[in-house]
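For the protein sequence lines, the chains are A, B, C and D, in the order given. Using the numbering used here, read the first sequence as starting at 20 and increasing by one per residue. Using the numbering used here, read the second sequence as starting at 20 and increasing by one per residue. Using the numbering used here, read the third sequence as starting at 20 and increasing by one per residue. Using the numbering used here, read the fourth sequence as starting at 20 and increasing by one per residue. Every residue, glycine too, gets a C-beta built ideally from N, C-alpha and C. Written out below as structure tokens is the structure these notes cover.
There are 4 protein chains.
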Amino acid sequence: MATAILLISCPDQRGLVAKISNWVFAHNGNIIDADQHVDQEAGLFLMRLEWDLADFSIPREAIASEFQDLATAIGLSWQLYFSDRVPRLAIFVSKQEHCLYDLILRQKAGEINAHIPVVISNHRILEPIAHDFDINFHHIPITPETKLKGEGEQLELLRQYQIDLVVLAKYMQILSTNFLQAFPEVINIHHSFLPAFPGANPYQRAHQRGVKIIGATAHYVTEDLDEGPIIEQDVIRVSHRDTVASMIRKGKDLERIVLARAVRLHLERRVLVYGQPEARRTVIFE
Amino acid sequence: MATAILLISCPDQRGLVAKISNWVFAHNGNIIDADQHVDQEAGLFLMRLEWDLADFSIPREAIASEFQDLATAIGLSWQLYFSDRVPRLAIFVSKQEHCLYDLILRQKAGEINAHIPVVISNHRILEPIAHDFDINFHHIPITPETKLKGEGEQLELLRQYQIDLVVLAKYMQILSTNFLQAFPEVINIHHSFLPAFPGANPYQRAHQRGVKIIGATAHYVTEDLDEGPIIEQDVIRVSHRDTVASMIRKGKDLERIVLARAVRLHLERRVLVYGQPEARRTVIFE
Amino acid sequence: MATAILLISCPDQRGLVAKISNWVFAHNGNIIDADQHVDQEAGLFLMRLEWDLADFSIPREAIASEFQDLATAIGLSWQLYFSDRVPRLAIFVSKQEHCLYDLILRQKAGEINAHIPVVISNHRILEPIAHDFDINFHHIPITPETKLKGEGEQLELLRQYQIDLVVLAKYMQILSTNFLQAFPEVINIHHSFLPAFPGANPYQRAHQRGVKIIGATAHYVTEDLDEGPIIEQDVIRVSHRDTVASMIRKGKDLERIVLARAVRLHLERRVLVYGQPEARRTVIFE
Amino acid sequence: MATAILLISCPDQRGLVAKISNWVFAHNGNIIDADQHVDQEAGLFLMRLEWDLADFSIPREAIASEFQDLATAIGLSWQLYFSDRVPRLAIFVSKQEHCLYDLILRQKAGEINAHIPVVISNHRILEPIAHDFDINFHHIPITPETKLKGEGEQLELLRQYQIDLVVLAKYMQILSTNFLQAFPEVINIHHSFLPAFPGANPYQRAHQRGVKIIGATAHYVTEDLDEGPIIEQDVIRVSHRDTVASMIRKGKDLERIVLARAVRLHLERRVLVYGQPEARRTVIFE
């Protein structure tokens, strides 16, 4: 079933659900899923609407312009997606394989509905895994001196492969502001329960601090390291028996699962980011 | 803010969200919360709709009859509630105090929006707790011989105190079919992760079986013991170090929290029960 | 059954378990529980040993001095406790009642094996609760000007009531270095998943940051605010639907449970603090 | 570091820890880890002891016979393992790949310390995965008519490959009593929170029942289906939004993690099974 998905935000006002659902109904659309949230404090209305395109009276290519009329009338910001347009992912990795394997196997199993045409890495070590699954692999080393050039090559590859989303699957480099302005759709997995232990070596620091629970956080990447909008988090118990090594091992399971959930939510267009620049957060329409 | 809440179910069909939200909007209602779910397998549309009564153009006492016109036209089953009509609870207990204390303290703290005019028990042991909080206490002993008579007295008390909901807070008696037909709104807490360990002594049996996790389940009471629609469940880890006594202790925390969540969800009219008699289950509109 | 409990730490070396368990066995002690941990990195051996005093050949009052001979020989640091010496708690509170009620009710139910002779508060609001349970209540207001004097009165009360442990059950004041040097046995409950959101208003900041999980942390109090050794932590999921108010409500359940677990672990002498001053952490012998 | 590991059980009695740890110390063994548990109800003492073989004065091949003298004297049942003797696994699968991939990748990453020389399946579908990782694959179809013969072939392969442990990684066949008597070391992953939903189609039945949490259970296989000693369990929340398909998807993550944890615990000799035949359970020495 091909569906259309609208992600909508606007200042809260009376009649929004009625007006928007009416528009779909008036054009013979069958709503599959409608979920909305009002952030009372921010005075914002946020909605995800999904409807079957089967008998919809507006041709697919005209939906956006038709909806714009309604959107203008009531002051909506919106994004439109079609479920049968399969997004294209680039996976960035360094040396650790667990998240790369996990994403590839989930894609293969149909859990993640996306194409993965390319893996990009600053090391060669994971090249064989990409090749095993017939995915193109590009090695772009990054040093402080070559970073600007390397990111230029990365961006060029994203264009060539027509990438919609970059997933940092344990990519141990910080993307520059320049990169993010050119390509802002980036999801990262951080191996701590943010905002605890941002930055480097979170498991070592968690061990040193003697915490009883560790976590992982998937978030959109912004210019402020580990400060981007959080999509998903999860945790697991640890004890004094855990070494840094066993925390890393337990953490790998968290990282895989949390990253996969976040990518899946994003690809199903269930994530809406909103809020002031210094405090952007997510609505997850599950 | 006084709100109206509608819980709706009907066979799924095109335009339901539009028609229902339009009805509210046409009468100048401001929707605070709208959540719906379609059970594809059952072909059922289920919805919770809450709107501010402030500027609503239909007087409160006429809302039900006005809505009935729309409901008839599109074949809806529905229940209407007003948020400022505070429900009245009767708590049934036996000898254990933890759930009783918990419900009373949450009510006192405003976490549970209800009146608790009466505690009914088959033992006298918890009478002082009821009295400490100025709640009426009725002791109705239940033996196989006196059960019919005792339940008759219980039902009479529910009428006198104008009770909306009975909460079995570790009430160690089985309510008869007769009782449940006369008063069907009853929530129970069962001290296992149903359908594991229904019936008596679940902690002993969990210990005997060597499970690594124990749970608690809050459900509506039906004639089939521990088979009613599940509202909420939660679990906690145990190990070989746990004795039956420590499982009981850990379980008490689960029981309190799971029962309180279920009562709260029910009182906020977030629970909709549906399905065939032999497999009724709940939608939780959170 | 009266038992003796030893908490032991020393540099790791061959034969420690043998030597220590032999000492107990040689004096006809029946070991009920023995648990040890080696922190490889720190080269430290840490142990909890509990044995039945019934047929033990050393009289209770001589155990410490007899054990000191062994301890000197092999370089042990140790603390000795007797399970039938019931510890005495002072609970410090401000305006929130949930942790106070929880500790009192658990003590009453036998879940926490302690006397609670006194509640001390900088407000009068919770006085009736203490009185309901026949616990002495002392109101000691704290302002920047009166803090020194107020803490002096608190310390004097701890002496009078022969207090072993102070539990800060949502006590919204910071204890001075002076207080902690005079009385170092203090457990606090912090309403976040430390080290995330130390200091004031953690729920507001968690909401602002858009986290998907919130937590609570029980720890020993040190001079560095919210930096003391962590005893126990737990978490609960939240979503964009949660307001600060609902996070506070959910957090209360966490705070109660986490604080109660920590107090219980401490009272059963299952917590051993060790490590360098800037990174002290706990072994939990469960 | 090569270590020796003893798993011990015997009727509880005074001096067991002293006698056993003394034996190790007397032969110059350095205890790395010692954990014991007393099941008070059963009157059983259960212990796991691990020591460094480096300076141990008894040659490896004589340890068993030397220890037997002590064991006889105090009535111990025991098993002895050496950490540098890497166990050999056979993985049994049917059509689902997720647990197979997971075990292979963990073994490759060093998380599971074992050899995996062979995958055996009643279908051919997963053969390419085995081959990708240079693991032998044997296709042995099982029908009611060929079961006896097929199991004979399986047992013959276990002998040829010198297998220590069979892991049923979503093997959708029931092993006969005959097989289990010939080869009793078998771990299975069941896709429910046992004892809830034993047998076939647990996700469908969980969905039908409307549970709010689903689980997975790893256990040793016995003649009574899904009744064997439980090694590990874990759970995840579901809601009315979950279909059977999404429960299956979420359940896969549970199955992978729970099975991997159980296999790892077994391989590190941290699992001791004990108890009466009708209620055998596990001690997990973590």
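Give the DSSP-derived three-state secondary structure of residue i in the structure shown.
i, result
"residue 261/C", "coil"
"residue 234/A", "strand"
"residue 77/B", "coil"
"residue 266/A", "helix"
"residue 204/B", "coil"
"residue 84/A", "helix"
"residue 285/B", "helix"
"residue 301/C", "strand"
Can you list, in chain order, the residues of its chain with a C-beta nearer than 7 Å to that of residue i? Leave out the 5 residues immediately preceding and following it.
i, result
"residue 224/D", "216"
"residue 305/A", "289"
"residue 270/B", "210, 222, 233, 235"
"residue 190/D", "111, 112, 113"
"residue 126/D", "133, 135"
"residue 157/D", "137, 139, 176"
For residue i, which residues in the same chain have their Cβ closer than 6 Å to its Cβ, ignoring the five residues on either side in sequence?
i, result
"residue 27/C", "66, 95, 97"
"residue 24/C", "69, 100, 288"
"residue 57/C", "31, 64"
"residue 55/B", "66"
"residue 76/D", "46, 47"
"residue 142/B", "113, 114"
"residue 161/B", "141, 169, 192"
Checking contacts by CB at 8 Å: is residue i closer than that to chain C?
i, result
"residue 44/D", "yes"
"residue 91/A", "no"
"residue 50/D", "yes"
"residue 291/B", "no"
"residue 37/D", "yes"
Please report whether the beta-carbon of residue i lies at a distance below 8 Å from any beta-carbon of chain D.
i, result
"residue 34/C", "yes"
"residue 96/B", "no"
"residue 260/A", "yes"
Give a yes or no on whether 8 Å exceeds the smallest Cβ distance from residue i to chain B.
i, result
"residue 40/A", "yes"
"residue 229/D", "yes"
"residue 53/A", "yes"
"residue 120/C", "yes"
Please report the residue range of the beta strand (DSSP E) in which residue i lies.
i, result
"residue 53/A", "49-58"
"residue 23/A", "22-30"
"residue 146/D", "Taken as a continuous stretch (DSSP letters only), residue 146/D belongs to no beta strand (DSSP E), being part of the alpha helix (DSSP H) at 146-151."
"residue 187/D", "184-187"
"residue 136/C", "134-140"
"residue 64/B", "63-71"
Given residue i, which residues of its chain have a CB within under 8 Å of its CB, disregarding the five upstream and five downstream residues?
i, result
"residue 206/C", "184, 185, 186, 187, 237, 238, 239, 240, 250, 278, 281, 282, 285"
"residue 42/B", "86, 89"
"residue 195/D", "166, 167, 170"
"residue 177/D", "109, 185, 202"
"residue 198/D", "170, 173, 174"
Closer than 8 Å, CB to CB, is residue i near chain A or not?
i, result
"residue 288/C", "no"
"residue 265/C", "no"
"residue 254/C", "yes"
"residue 86/C", "no"
Between which two residues does the alpha helix (DSSP H) carrying residue i extend?
i, result
"residue 211/C", "Counting along the chain, residue 211/C falls outside any alpha helix (DSSP H), and DSSP gives it neither H nor E."
"residue 174/B", "166-179"
"residue 121/A", "117-127"
"residue 102/C", "No alpha helix (DSSP H) contains residue 102/C, which DSSP labels as neither H nor E."
"residue 39/B", "35-45"
"residue 226/D", "221-228"
Problem - Contact between the segment 47-57 of chain B and the segment 114-122 of chain B (3+ Cβ pairs under 8 Å) - result: no
Handout entry: Meets three-Cβ-pair contact criterion under 8 Å: the segment 144-153 of chain B and the segment 98-109 of chain B
Key = no
Problem - contact_flag[the segment 289-298 of chain C, the segment 76-85 of chain D] where n(CB pairs < 8 Å) is 3 or more - result: no
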